[in-house]
Every structure is written in C-alpha cells, then in structure tokens.
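Visitor: Protein sequences appear in the order of chains P and D. The numbering of the first sequence is our numbering, which starts it at 2 and goes up by one. The numbering of the second sequence is our numbering, which starts it at 2 and goes up by one. The C-beta atom is built at its ideal place from N, Cα and C for all residues, glycine as well.
Number of protein chains: 2
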Amino acid sequence: MLLMRPYKHPPASDFVLERVLYALSDSIRLGIVRHLAQHGPATCGELDGGRPKSTVSHHFKVLREAGLVLTESTGTTHMNTLRRAELDARFPGLLAALLQPEPAAA
Amino acid sequence: MLLMRPYKHPPASDFVLERVLYALSDSIRLGIVRHLAQHGPATCGELDGGRPKSTVSHHFKVLREAGLVLTESTGTTHMNTLRRAELDARFPGLLAALLQPEPAAA
Numbered sequence: 002m003l004l005m006r007p008y009k010h011p012p013a014s015d016f017v018l019e020r021v022l023y024a025l026s027d028s029i030r031l032g033i034v035r036h037l038a039q040h041g042p043a044t045c046g047e048l049d050g051g052r053p054k055s056t057v058s059h060h061f062k063v064l065r066e067a068g069l070v071l072t073e074s075t076g077t078t079h080m081n082t083l084r085r086a087e088l089d090a091r092f093p094g095l096l097a098a099l100l101q102p103e104p105a106a107a
Numbered sequence: 002m003l004l005m006r007p008y009k010h011p012p013a014s015d016f017v018l019e020r021v022l023y024a025l026s027d028s029i030r031l032g033i034v035r036h037l038a039q040h041g042p043a044t045c046g047e048l049d050g051g052r053p054k055s056t057v058s059h060h061f062k063v064l065r066e067a068g069l070v071l072t073e074s075t076g077t078t079h080m081n082t083l084r085r086a087e088l089d090a091r092f093p094g095l096l097a098a099l100l101q102p103e104p105a106a107a
C-alpha cells in the first residue's frame, strides 16, 4: 500500500514576502490564485487548464510552500484553498492589489 | 572613446505584473525599491550595501527591465528613481502594500 503523506504547509508566521512574490511571478500560478480567489476551493483537475500533471504539481508545490494555497487530500482528490485570511493578516492589501483587474495600459 | 549607451526602460504600457513580482521576489531588490520609496532618488553606490558591483548591476538591470526603476547617467554617476506614479497607475495598491512595514508574525 502506498502511504500518502499529507502536504506540508508553512504556518503563517513563517510566510516570507519575497517567497510569496516569487510564487506569484508566474502566469500559471498567478492564474490559479486568481481562480481560487474568485471561485473558491477547487481541485487540481479544475485548475490544470489541460496542462501535464507534472507541470501543475510543481506549480502547486511552489504555491503551497509560499503559503498561498492549502491542499487537502480526500482519497485521490486534492482540494485547494487560498489562504486568504492568513495572507491578508501578514501582507495587508497585497492580495487585493493583485486580484483586481489591471487598468488598461495607457 | 567608449560610447555610453543610455539604459533601456520599458514604457508603462509594457509593464507586466509577473515581471514586476519577479523583480521584487529578491531581498536585495525589494530593499532597493523600499529605500528609493522612502528616501527618494539615489546613486547605485548609495544602494549597493557594499556588495560587488557586478551583483548590484544585475539587480538594477532586473529592476529597470521590470519598469520599477529609472536609471539616468550623468557622467559616471547613475541616479536611480522609483517609477512610482507609473507603477501606481498600472498596478494600484501594489507598491503601497509592499512598502508598508510587515505586521509582526503571529
């Protein structure tokens, strides 16, 4: 039997701004965070945009390790949630700024 | 005679959020941006923290290419300015969120 280990998530006290910014500096990861913010928790399958599983797994790992996303497994389903309250407490205004639509370029 | 070419700076219409976030995902670069925001324009020498010139040059290049910093040369002096108004217009609230002191970790 394959033993499933739970995913590791840093406590909010260990969040590092630079790591959060790095996690969000990729279009796919930024898109995942925006999707979770708008639509609530979602499975990896709902968020993969048809990309290869290995690619998407890597992106979720980066998001988890930065503290942006909580992944919980139920059987083979992995449900992802944005850690919004904790992020807002540590970095007030940051997610709000990132999640608003960008003004049209001048 | 060595011909000095002016630094390249993207117009605000070409700013890309992911690139801005990447530029800010490094402690040295984030520190430079915070210093410029608090104290106004500064030379590279005032911002290098005693680091090797090649290291600092690389960081300024990343900051310039993302649109965060404007570097203007007068003779051998390179003066750096945060492109705050343009950044605020393109990404409202982002710099404000990044420049405030971080709340103490819980």
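What first and last residue would you give for the beta strand (DSSP E) that runs through V70 of chain D?
Guide: V70 to T75
Visitor: When the distance is taken between beta carbons, is R84 of chain D closer than 9 Å to L71 of chain D?
Guide: Yes, they are a contact pair.
Visitor: So what does DSSP say about M2 of chain P, is it helix, strand or coil?
Guide: Low per-residue confidence applies at M2 of chain P: pLDDT is 44, beneath 50, and the placement is therefore not dependable, though the value from the model is reported in the following sentence. M2 of chain P: coil per DSSP, three-state reduction.
Visitor: Looking at C-alpha atoms only, which residue of D:L18, D:M80, D:L22 and D:L88 is the closest neighbour of G41 of chain D?
Guide: D:M80
Visitor: Give me the Cβ distance between A90 of chain P and A24 of chain P, rounded to the nearest whole Å; I'm assuming they're in contact under 8 Å.
Guide: Not really, about 17 Å apart at Cβ, beyond 8 Å.
Visitor: Give a yes or no on whether the C-beta atoms belonging to A13 of chain D and E73 of chain D are separated by under 9 Å.
Guide: no
Visitor: Buried or exposed: which applies to H59 of chain D, given that a residue is buried once 16 or more other Cβ atoms fall within 10 Å of its Cβ?
Guide: Burial state of H59 of chain D is exposed, judged by a 10 Å Cβ sphere holding fewer than 16 other Cβ atoms.
Visitor: Within 8 Å, do at least three Cβ pairs link the segment 16-34 of chain D to the segment 22-38 of chain P?
Guide: yes
Visitor: Could you check whether the Cβ of F61 of chain P sits closer than 9 Å to any Cβ belonging to chain D?
Guide: no
Visitor: Pull up the DSSP beta-bridge partners for T56 of chain P, would you.
Guide: According to DSSP, T56 of chain P bridges with nothing at all.
Visitor: Below 8 Å CB to CB, which residues in the same chain sit around M2 of chain D once its five sequence neighbours on both sides are set aside?
Guide: Residue confidence is low: M2 of chain D scores 45 on pLDDT, short of 50, so the model does not pin down where it sits. No coordinate-derived value is stated.
Visitor: For the alpha helix (DSSP H) containing L88 of chain P, list its first residue and its last residue.
Guide: R85 to R91
Visitor: Measuring straight from C-alpha to C-alpha, what distance separates P93 of chain P and T75 of chain P?
Guide: About 32 Å.
Visitor: Give the straight-line distance between the Cα atoms of D49 of chain P and L69 of chain P, rounded to the nearest whole angstrom.
Guide: Distance between the alpha carbons of D49 of chain P and L69 of chain P: 17 Å.
Visitor: For R84 of chain D, would you say it is in contact with chain P, using Cβ-to-Cβ distances shorter than 9 Å as the test?
Guide: Closer than 9 Å: no.
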